[in-house]
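This report refers to the structure that appears directly beneath it.
Protein chains: 2
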Amino acid sequence: MSPTKKSLFLGSFVHCKSLDELETRHDAAVFVDEHGVIVAIEQDMDLQRAKDTLIPQMGWVEGEYAVHMAKKGEFFFPGFIDTHIHAPQFPNAGIFGKSTLLDWLLKYTFPMESSLANLSKAQMVYNRCVKRTLSHGTTTASYYATIHVPATNLLADLCLSIGQRAFIGRCCMDSDMSPDTYRDESPQQAIEATKATISHISSIDPSYSLVSPILTPRFAPSCSSELMTSLGALHKETDLPIQTHISENVGELALVKQLFPDIKDYTSVYDSFSLLTRKTILAHAIHLSDDEIALIKERKAKISHCPCSNSSITSGTCKVRQLLDNGIDIGLGTDMSGGYSPSILEALRQAVLVSRHVAMGGDDNTKLSIEEVLYLATRGGAKVVNLEDKIGGFDVGKEWDAQLIGFGADISDEEGATDEINQMDESPVDMFGWETWDDRIAKWVYNGDDRNTLAVWVKGRLVHEIRK
Amino acid sequence: MSPTKKSLFLGSFVHCKSLDELETRHDAAVFVDEHGVIVAIEQDMDLQRAKDTLIPQMGWVEGEYAVHMAKKGEFFFPGFIDTHIHAPQFPNAGIFGKSTLLDWLLKYTFPMESSLANLSKAQMVYNRCVKRTLSHGTTTASYYATIHVPATNLLADLCLSIGQRAFIGRCCMDSDMSPDTYRDESPQQAIEATKATISHISSIDPSYSLVSPILTPRFAPSCSSELMTSLGALHKETDLPIQTHISENVGELALVKQLFPDIKDYTSVYDSFSLLTRKTILAHAIHLSDDEIALIKERKAKISHCPCSNSSITSGTCKVRQLLDNGIDIGLGTDMSGGYSPSILEALRQAVLVSRHVAMGGDDNTKLSIEEVLYLATRGGAKVVNLEDKIGGFDVGKEWDAQLIGFGADISDEEGATDEINQMDESPVDMFGWETWDDRIAKWVYNGDDRNTLAVWVKGRLVHEIRK
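Same order as they appear, the protein sequences are chains A and B.
Take the first sequence: its position 201, counted from the start at 1, is 201 in full-length UniProt numbering, and no numbers get skipped.
Take the second sequence: its position 423, counted from the start at 1, is 423 in full-length UniProt numbering, and no numbers get skipped.
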């Protein structure tokens, strides 16, 4: 991996201006300093002009900065933010049969997670998970790990060394909903173990500049009231973020009602333990009542929309438009391996499709546009992880978390067009050369994959590049 | 492209035994003769045993036959059958905005199709479409072309020369539903043009051994009654197959009711023009009544399920389980570019997900399994195109339409597992080495793509191979 150095990026830049508007800049330049921070964005700029103007003004010295140029048709795009992903479930991606949440947990998920007590297995799984998600353009991930402290610490180490921005959550789960062989022994032990991972992360990245702990009560049914009370107190003490699941599956709803009979609804369960805050990420949020939506809004809690997972394990359809209209911050999550794919590009594609399934119910307004799902995957996700001042778009003062997107040569640029079979390998998306920029982006969203993510930077560091 | 020669295939073979059962053979051998026909399938066979036993018995001579070995973890699978795809819409894959069927046709589809009157554009688009779909493992495609005879003939020429099994349909569309600039002038002209393409295909492939014409009334709203009557008569005369669209979108249903007020329902429209036969492929079939399902069953007409398209342009959800339970033959279609993807692997993934959206309505039995969608994509599709005696599975007497599926090296086979970043490029699917065969297939279905389709054969000819 490259060290961070001053960098000049030249070419086309696309990012989300607002929920429903993309901004595309051509012939632009973005200057990133040695801390990975964007210090200038200029229009009508090429390398020579940059060398004649801003570079000397800023005191940059030849040889001390890198230059990255997007070729014609390529563009820089903000890195994706995965607001909900289970790193230890990576080997199970695609393996779920016809299961639904509660049997899926017991049959596939707990056995795999439990097996990561073995550190060499954890090393193998987490190493590949981090590299694979980076290759898909995920520059920030909010990870659930397992209950194991050493393996969770290892995940933090790997994110820091490989260079992925990450929230690392040791799973807290002490109730008998989880198997004997895979659960916290007591609320005290769960809190101690959680503090051990916080302490480790503080030792490797003291300012949480790249890797941060996140408090992770797995979900209400797997946590005792005592554990949730302690986690609420720990949040108050540390102001660390929180992540959990909410209202994913109807069987789960019934279980919550049974376990917490005196509490009004699922959202109020978390609220009653001081776990519903502006720093809480709630994954799924499918079957919420209007009262619950109002409470989430009041607490400024965030929602992670996980369409791949919600469809795969037949959980239901999240009503994204309704949540957006209520002013709630929403991002996208792969929820791998409830979701089958580690790719946020796949998640945003499924977010579009699921919104059309919601629209089949009669309300056309629920359809999400390409602009909207790209927003959810970048600026929306940044808000969900409370990093909207640092990441999510190309603005002066933000950090350079970005991906370079390309499609190989356009077909109609070629001589003949009959011998281009080799070029097909470079990109799953066929560009003919007559597409508008909007069309190029649509084609990327629907048919693109990691082959189109040519390079990835986090905080100014080059952390992934496709070998040529 | 390689010529057809005798071939011996060795290793693991997977195909569908029945709707809900896969059959996996290891250490097996499939012997394919110079006509592309499977002449023997043997268990417990390696190259030496084959040379010692069957090869001399069959009189095969060293040097006159090719040997293809699947490596450990790789397997041969039957080629996919795309029962509904629009070749001229290939450049629009992924471009549909928030449109639904009728505005989508006018805004995106007719302008693109109309432009393929230009033969050099048609050459560029069709060449790439055939090569791209082959790279996704589509060994048979039922194509809609445009109204243009030369461009339609060109598509047939390309399929024959590149080596894809195909049905080629010149679109018949003479009603004023289509724009002045893109429609048949009269029923007579439409029939003459159709006969011209039939005549051309008969001249290049007299026995329709690889490429066959297919009668293609685009859909009822775009055809006059006179045209449909003539096409029904042409079918009776020639016994050529028929393809059209049915019951895709509620606006379309209203239009059909308005255009054919005296006919009971949409299905009866086709039936009344003798277009509903055992050789008819009906695409979409979303909003059918019980009477329509009964009529389709009675006529033994076939259905092409197009989940990507049905979700993308918000058409609705096809009730596949209900159709299967009624004994109707169903296959999968990409319906590109109503569907955003040219890949049947993507279509079968979406068929699984859409079946879960249907199940969210309350009936868990509607969920499709991996086995079932693989069946739809192979043996199911073969029935839909009336080629079940020739393709769809690995049986003696069938032709060798197949793909070799692989995943690169398993992670846990490697030394260390920290330096495997290069191997990531070979496959989007991460195999750790402990997966069962069922798990390997599930991981392929959910996260695989054309990178996993290492080689493709049609009728014994190698027609696609990933360059190393």
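Every residue gets a Cβ at the ideal spot worked out from N, C-alpha and C, and that includes glycine.
Alpha-carbon spacing of residue 33 of chain A relative to residue 461 of chain A, whole angstroms: 11 Å
Chain B contacts made by the segment 112-132 of chain A, where a contact means CB separation under 8 Å: 123, 124, 125, 127, 128, 131, 132
Min CB distance residue 360 of chain B to chain A below 7 Å: yes
Spatial distance of residue 424 of chain A from residue 453 of chain B (CA atoms): 13 Å
Residues within the segment 146-160 of chain A neighbouring chain B, beta-carbon criterion of under 8 Å: none
Straight-line gap, residue 451 of chain A to residue 441 of chain A (C-alpha atoms, nearest Å): 15 Å
Assumed close pair residue 231 of chain B, residue 275 of chain B - CB separation to whole angstroms, cut-off 8 Å: 6 Å
Whether residue 296 of chain B touches residue 328 of chain B by CB criterion (7 Å): yes
7 Å Cβ cutoff met for residue 88 of chain B and residue 146 of chain B: yes
Alpha-carbon spacing of residue 67 of chain B relative to residue 393 of chain B, whole angstroms: 20 Å
Candidates B:385, B:154, B:113: closest to residue 172 of chain B by CA position: B:113
Boundaries of the beta strand (DSSP E) in which residue 19 of chain A is found, first to last residue: Note, residue 19 of chain A: premise wrong, no beta strand (DSSP E); not H, not E.
Neighbourhood of residue 239 of chain B by C-beta, 8 Å cutoff - its chain only, sequence neighbours within 5 removed: 279
Helix, strand or coil at residue 442 of chain B [DSSP, three-state]: helix
Nearest-angstrom Cα separation, counted from residue 11 of chain B out to residue 40 of chain B: 14 Å
Partners in chain B for residue 445 of chain A, counting only beta-carbon separations shorter than 8 Å: 94
Boundaries of the beta strand (DSSP E) in which residue 243 of chain A is found, first to last residue: 242-246
Start-end ranges of the beta strand (DSSP E) lying completely within the segment 102-155 of chain B, minimum 3 residues: 138-144
Same chain, Cβ closer than 6 Å to residue 36 of chain A, five either side skipped, listed in chain order: 4, 399, 400, 459, 460
Other residues of its chain near residue 471 of chain B: CB distance less than 6 Å, five sequence neighbours each side excluded: Because chain B here runs from 1 to 468, residue 471 of chain B falls outside it and cannot be looked at.
Reduced DSSP category for residue 271 of chain B - H, G, I as helix; E, B as strand; rest coil: helix
Cβ pair count under 8 Å reaching 3, the segment 360-374 of chain A against the segment 98-113 of chain A: no
Beta-carbon spacing of residue 310 of chain A, residue 101 of chain A below 7 Å: no
According to DSSP, residues forming a beta bridge with residue 336 of chain B: B:339
Contact check, residue 83 of chain B vs residue 312 of chain B, beta carbons under 7 Å: no
Meets three-Cβ-pair contact criterion under 8 Å: the segment 118-138 of chain B and the segment 425-444 of chain B: no
Same chain, Cβ closer than 6 Å to residue 457 of chain B, five either side skipped, listed in chain order: 400, 402
Own chain, CB closer than 8 Å to residue 157 of chain B, minus 5 neighbours either side, in chain order: 204
Identity of the residue in B:391, B:122, B:192, B:316 nearest residue 138 of chain B by Cα: B:391
Whole-angstrom distance between residue 103 of chain A and residue 58 of chain B, CA atom to CA atom: 53 Å
Beta-ladder partner(s) of residue 172 of chain A, from DSSP: A:217
Contact set for residue 121 of chain B: own chain, Cβ-Cβ below 7 Å, skip 5 residues either direction: 115
Closest Cα partner of residue 197 of chain A within the set A:14, A:151, A:31: A:151
Contact with chain B by residue 20 of chain A, beta-carbon distance below 7 Å: no
Helix, strand or coil at residue 200 of chain A according to DSSP, with G and I counted as helix: helix
Inter-residue Cα distance where the pair is residue 211 of chain A and residue 408 of chain B: 32 Å
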